[in-house]
Structures are given as structure tokens and as C-alpha cells.
Amino acid sequence: MKQGVLKQIVLVSSGDLRLSANQNCWAAQFQMEGNLTTAIEKFGWTVKRAHPYNSTKKHGFIDSQRMGMDVFHDIDPNQPLIVAESVWQYSHHILAGLTTHKGPILTVANWSGQWPGLVGMLNLNGCLTKAGINYSTLWSENFDDDFFTDGLQEWLSTGKISYDQSHVKSFSLSKIPLADEKKGRAFARSLKNRKAIMGVFDEGCMGMYNAIIPDELLHKTGFFKERLSQSALYAAMLQVTEKEAEAVLNWLIKKGMKFNWGTNEQTELTKSQTLEQCKMYIAAVRIADEFSCDTIGIQYQQGLKDLTVASDLVEGLLNNEDRPPVYSIEGKELYAKQALPHFNEVDECAGLDSLVTYKLWKELGMTGENTLHDIRWGENYNVEGLNQFVWLFLISGAAPSAHFIDGYKGASSDRQPAMYFRLGGGTLKGISKPGFIVWSRVYVCDNALHCDLGVGEVVALPIEETNRRWNETTPEWPIMHAVLKGISRDQMMARHKANHIQVVYANYEASAHEACRVKAAAMDELGITVHFCGEVNLIKKRS
Ligand SMILES: C[C@H](O)[C@@H](O)[C@@H](O)C(=O)CO
């Protein structure tokens, strides 16, 4: 490959914006870089870190956009470059530099659930894809397995890596039953005719450039953004009375939801934090109603996090049909008996998908409560005698209780980790119930909207295994154990263009396949380029 300094790789690492997160996660990053460097040196190459450990900040991450620009300013643009990630990172810290880098780029994450490093890398991959920047990507637990070593060798010698993508099939080349196609297309045409409003509370969350749909692309689907402000949300929270907040909380307690309250505001969830979340829930619905939004997204992580509690409980409630009633100041029930689909972290790609799915599932006679999750990690597990790769989908908020074993009774609220959320607030946590799902992801590539989708199965794992997986990751967040049909771990990782994945349940296996086909047709009718991934029955089969 073309190179600056002979056989030398420049390494950069992007981090969080929050000092506490960068400090807490630095040890894992340091260890990962050591293992990665050893693997690279075995091929006779050297690694040069482009930015040092900062002893005042106590971490060695790029932690701002300006810093990223300055680091890249001093990098030879022709040199091969690796972005190494073992933590959640803000892609915009390094995106500017990567847009002008000419040498080969490789993104690498360690196969560990401890911190959201795989999630961070997948977000970066989505951002690079949207920005039209060529890159290759790899992941490994110990940096000595064949998949990683072969991939690294290929990259070192050619500057790119080829992946097995035989699990992907273009919708335009597929034939599905006419009835499914008609259903999907008719649904999409009527959605597009009516048009839909996507309420965006402060666009652009945590450097997730990939999550922003350019208006020009969005409008073609019939969706239009209403740009809302989190300041307005906070102001509306101040209008909600204690009595109204108490009513929401009592409704949840009556349903059997558990709140793990303590008294220390810094480290524990308190009742007053929960009540503030109940106010946010009411305020969000009132603003959505004021602007006739069909779906909303609260980014929370910047701005609101310095002012008030986390939005997670709010998001999970909004995504559920059975939720505490919310009334206007005049006393009218708003969005009665409906979910108000919420896109976590204002991920607009997820917002579009969420509304389409929620409405389409209704037409198909199913409940369409859906959510995004982070693709956090996964391991093989023996499920009913079959050794399967079981993904661990986890999200800091937004999972509806309808997805959980025992619904609200199986749900609890834990304090958000202090390193991310200083002012606390609780999650809506539970274990997703076994059943068949349709998974999907809308993303921007070549200045067009694309959608990957397929069928999966949520499996039940013994509680000891669930707890082990929770303890290896973030035990405060809702969890889903998913098997993606006909897709290996490495095929999925190489293909997926986002940190998030959308999931919705179907009534049974055959209906998941049917709904997947109908959804594909609907997305196609909206002008989105659709790709089936993994095993999707393209013809009607008996379950
Ligand atoms: C709290 C963290 O920043 C999370 O929000 C992060 O891991 C994500 O969920 C990214 O999708």
C-alpha cells in the first residue's frame, strides 16, 4: 500500500466528551491498544500514536472536534491510519480529519462488552459511510484469531479488506408474493400522501453524524422535521404540577413497575429524580401535541443533561401503547391509547423506521411497539441444544415494557451511571421476551437512504447467563438476547452501518417473515433502497 513513513501505522483514538467517562474507560483502551500493537508488530510494522496520554486529564482520547482537527493537522495524510476504539466515542471528534485523510483507514474495536467500544466503532462506520469516506473495519477479542489476523494482513498489504457479504440480497432483485408487495406499497403511499412530522429536540447527538437525515432525502419519503428545542422542553416541565407527576408515578407503581430508589442523589436513583422524569414525560407529550408530531426524539445527552434528569424512562413510556395518560392543560387526553414513537438520541434514521413500523404493524393486525438498541456485544451460547451466536442488544433508554417478560411487572428503574448522567434519572429496564422479531436499520449511503432488514429470534437465556451478560456490560439498561437468522457475527459487523438496530416483535415466526416482506415493500415505495439480510422467506411458508 502507499505509505508515508515506511511500514508505520498512525493510531488515533476518539473518546467521549465527558471527562468522567474518558477517565473511567481509559484503562481498557490502553490495554486494547497494547494488544493491537503487538498484533501489528508481528507483521513487521510499527505503530505511532498521533496524540499522547494527557496527565492532567488522565486519559489519552481525542475529546473534542478541535483537538481532532489539530491531531490530524500533524498526521501525514498518506499514511495508513487506524482508529482504535474500546469506548463509546463521539465520531465528530475525528470525522473532520478523516474527510481529508488520503491513506487507507481501518477502524478497530475490541470484542468486549465492558464499555460500548463496538458501539462506538459501528457509529463511526456509519458516519464514514454517510460521508463517503472509504474505510475497512475489524474487531477481535485477543487480536490473535484467524479472522482478525487474516483481515489485518490483507489491509496491510492492499489497503482494504474484502468481506463475506453473501447474506445480503437486494430487494429490487427479489420476488415476494404480490399480496405482500401490494400491502406494503399501499401503506407507504398513504403515509406519504398524508405526510408525517418528526419532532427533533435538538438535532445531532454525541457526534452521531450518521443519525442526521439530510432534509432533501427525508422529504422524498413524506417525512418533515419540526425542529424543537430542549430548552422548550425544560420550560414545559416547569409547567407540570407535582400532582400530575405523582399521577404518572402512581400509575406505574400500580402496574407493578419497581423503582430502585435510594437517598444519595449523586449515586442512587431517588424518588424526586423519578418525579422529574414524570414531568418530562408529560411535557414531551404536550409539546408533541402542540406541533402535531407523529414521532419525537429527545437527544438529552447534550444540553439537557446539565439541567435535569435523564430522559430514558420517558422514552420507554412513549414507545409503549399502555402508558400513563397525559392530558393537555385544558384536560383533553393526548395521543390516547397510542404510543408516541420516540427515537433515542435523536437518531432520525431510527425515527423514520419507528413510525413506519408502528403504523404498518397496526395495519397488519399486530402491535407495533418498537425500539432501537445498541449493538453492544455478543457470544455463542447453547440455546436448546444448538450452539448459536446470541447478540446482546442493550440501550440506555427507550425500550417499551411491552417487549419485556411480564411487561411492567418485569420492569424496573435503576439510576443511570453517574459517569454518563451526573443528575441521575432512572432507566426502564427489563429482559426482552422470547419471540420472533423483524430487525432493521435505515442509513445514508451515497447520498441516498438505504434500509437493511431481516428476521431474528429473541431467545430466553437462564437468568444466571442474563445476569452474567448484564454484569459484563451495563446492568442498569434494558437487554435483549437476539439471534439474527442466517447472519454470522462477522457478516453483521462488516455490514452494519450504525450503532443502533431497530427491533419489533411479530406474532409468530411466519408472521415475522411476512411482515418483513411487507415492510421491505413499504420502504421501497418510500424511495428507500432496501436490502434483505440473512434468512428471510421470500415466499409464504407455513409456520
Ligand atoms: C450513555 C452512553 O453515552 C450511551 O448513550 C451510548 O453508549 C449509546 O447508547 C450510543 O448509542
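In the working numbering, the protein residues as written are 1035 to 1577.
Backbone N, C-alpha and C fix where the C-beta goes; we use that ideal spot for every residue, glycine too.
Below 8 angstroms, too few C-beta pairs join the region 1447–1466 and the region 1384–1396 to call them touching: fewer than three.
Beta-carbon to beta-carbon, Leu1338 and Gln1264 are separated by about 5 angstroms, close enough to satisfy the 8 angstroms threshold. Shortest gap from the CB of Ile1429 to any heavy atom of ligand 1: under 7 angstroms. In this structure, the beta-carbon distance from Leu1347 to Ser1466 does not fall below 8 angstroms. Within 10 angstroms of the beta-carbon of Phe1325 lie fewer than 16 other beta-carbons, which makes it exposed.
Taking C-beta separations shorter than 7 angstroms and ignoring five residues to either side along the sequence, the partners of Tyr1454 in its chain run Arg1052, Ala1055, following chain order. Counting along the chain, no beta strand (DSSP E) covers Ile1497; the unbroken alpha helix (DSSP H) around it starts and ends at 1497–1506. Taking the Cα positions, Cys1059 is about 42 angstroms away from Leu1368. Relative to Leu1389, the option among Ser1047, Thr1255, Thr1304, Leu1140 whose CA is nearest is Thr1255. Straight-line spacing of the CA atoms in Glu1188 and Ile1521 works out to 23 angstroms. According to the DSSP secondary-structure assignment, Met1066 is paired through a beta bridge with no residue. For Asp1408, the enclosing beta strand (DSSP E) begins and ends at 1404–1417.
A contact between stretches requires three or more CB pairs, one per stretch, nearer than 8 angstroms, and the region 1481–1494 meets this requirement with the region 1502–1520. Taken atom to atom, the span from the alpha-carbon of Asp1328 to that of Ile1096 is near 37 angstroms. For a cut-off of 8 angstroms, the C-beta gap from Ala1084 to Leu1045 is around 7 angstroms, short enough to register as a contact. Residue Met1527 holds the alpha-carbon nearest to the alpha-carbon of Val1142 among Ser1545, Met1527, Val1564. In this structure, the straight-line span from the alpha carbon of Gln1113 to that of Asp1104 is close to 16 angstroms. When the Cα atoms are used, Leu1190 and Tyr1477 turn out to be separated by approximately 29 angstroms. Taking Lys1217 as the centre and dropping the five residues before and after it, the same chain places the C-beta of Val1552 closer than 6 angstroms to its C-beta, in chain order. Spanning the alpha carbons of Leu1267 and Gly1431 requires a straight line of approximately 18 angstroms. In summary, Asn1533 is buried, with 16 or more beta-carbon neighbours lying within 10 Å of its beta-carbon over all protein chains present. Beta-bridge pairing by DSSP links His1565 to Ser1204, Asp1486. With a minimum length of 3 residues, the unbroken runs of beta strand (DSSP E) contained wholly in the region 1288–1345 fall at 1329–1332. Pro1359 is the residue among Pro1359, Lys1041, Gly1402, Ser1196 whose C-alpha sits nearest the C-alpha of Leu1283. With fewer than 16 other beta carbons inside 10 angstroms of its own, Val1039 counts as exposed. Assigned with DSSP and collapsed to three states, Ser1170 falls in strand.
A straight-line Cα-Cα distance of about 31 angstroms links Gly1147 and Ala1373. Within the model, the alpha-carbon separation for Ala1220 versus Ala1556 is close to 8 angstroms. If you draw a straight line from the Cα of Thr1405 to the Cα of Asp1110, it comes to about 42 angstroms. Taking C-alpha positions only, Ala1062 is separated from Ser1474 by approximately 31 angstroms.
Taking 8 angstroms as the upper bound for CB-CB distance, Gln1199 and Gly1154 are not in contact here, some 23 angstroms apart. Excluding five sequence positions before and after Glu1175, the CB atoms of its chain that fall closer than 8 angstroms to its own CB belong to Asn1144, Trp1145, Ser1146, given in chain order. Taking C-beta separations shorter than 8 angstroms and ignoring five residues to either side along the sequence, the partners of Ala1130 in its chain run Gln1099, Gly1102, Met1103, Phe1106, following chain order. Going by DSSP, Met1526 is part of the alpha helix (DSSP H) stretching over 1523–1529. In the three-state DSSP reduction, Lys1463 falls in the strand class (E or B). Annotated three-state conformation of Gly1256 is coil, per DSSP.
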